[in-house]
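Trainee:
Numbering (mature numbering (1 follows the signal peptide of the UniProt record, and there is no 0)), first residue to last: -24 to -1, 1 to 130.
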């Protein structure tokens, strides 16, 4: 009788603890996967030319036409978009400049730039000419590599 009662208590205890143990394991798994995804994004971003706001302003002052990708490693949509963007820029041979928006809240120039050009979400791929944003790729996280190439070449 005591063994049966102890066994029932043990089973009840396991039943109560199981969701917490599963959650902890899942959380570690997601953290590891997220860390790998962020690392992969950061490595991929080296295929683009990283620029600062002051460099963008210089290109605009020089009336340069350029494509600017704004994104951040902690954005899941940006991480899904980046591989297609890299392939598209490699195939089209059109350079893409990269503006890392990771610490936007700390950088007033970045915040002002994004507000001025209505870059409200990331990922964002836009074409600039002189001081104007002339076109923006709609819903970049959903488009194919081919759609990106068409955007870059038209």
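Note that beta-carbon positions come from the ideal geometry of N, C-alpha and C, so glycine has one too. As the structure is a prediction and not an experimental result, all values here were calculated from the model.
Please say whether residue 49 and residue 21 have beta carbons closer to each other than 9 Å?
Mentor: For the purposes of this step, residue 21 is taken as residue 45 along the chain shown, with counting starting at 1. For the purposes of this step, residue 49 is taken as residue 73 along the chain shown, with counting starting at 1. Their beta carbons are under 9 Å apart, which means residue 21 touches residue 49 by this criterion.
Trainee: Can you have a look at residue 108 and say buried or exposed, based on whether 16 or more other CB atoms are within 10 angstroms of its CB?
Mentor: As a position in the chain shown, residue 108 is number 132, starting the count at 1. Burial call: exposed.
Trainee: Suppose you measure from the CA of residue 60 to the CA of residue 32; what does that come to, to the nearest Å?
Mentor: In the chain shown, residue 60 corresponds to position 84, counting from 1. In the chain shown, residue 32 corresponds to position 56, counting from 1. Between residue 60 and residue 32, the C-alpha separation is close to 23 Å.
Trainee: Can you tell me which of the three DSSP states residue 125 falls into?
Mentor: The residue labelled residue 125 in the question sits at position 149 within the chain shown. Residue 125: helix per DSSP, three-state reduction.
Trainee: Look up residue 111 in the DSSP assignment and say whether it is helix, strand or coil.
Mentor: Looking up residue 111 in the chain shown gives position 135. Reduced to three states, the DSSP call for residue 111 is strand.
Trainee: Using the Cα positions of residue 124 and residue 113, report the straight-line distance between them to the nearest angstrom.
Mentor: For this step, residue 124 is matched to residue 148 along the chain shown. For this step, residue 113 is matched to residue 137 along the chain shown. Looking at the two C-alpha atoms, the distance is approximately 8 Å.
Trainee: Which class does residue 50 belong to by DSSP, given the choice of helix, strand or coil?
Mentor: Here the question's residue 50 lines up with position 74 in the chain shown. Coil.
Trainee: Using the Cα positions of residue 18 and residue -20, report the straight-line distance between them to the nearest angstrom.
Mentor: The residue you call residue 18 lines up with position 42 of the chain shown. The residue you call residue -20 lines up with position 5 of the chain shown. Their Cα atoms are separated by approximately 56 Å.
Trainee: Can you tell me the Cα-Cα spacing of residue 68 and residue 116, whole angstroms?
Mentor: Within the chain shown, numbered from 1, the residue matching residue 68 stands at position 92. Within the chain shown, numbered from 1, the residue matching residue 116 stands at position 140. Each residue's Cα considered, the two are about 17 Å apart.
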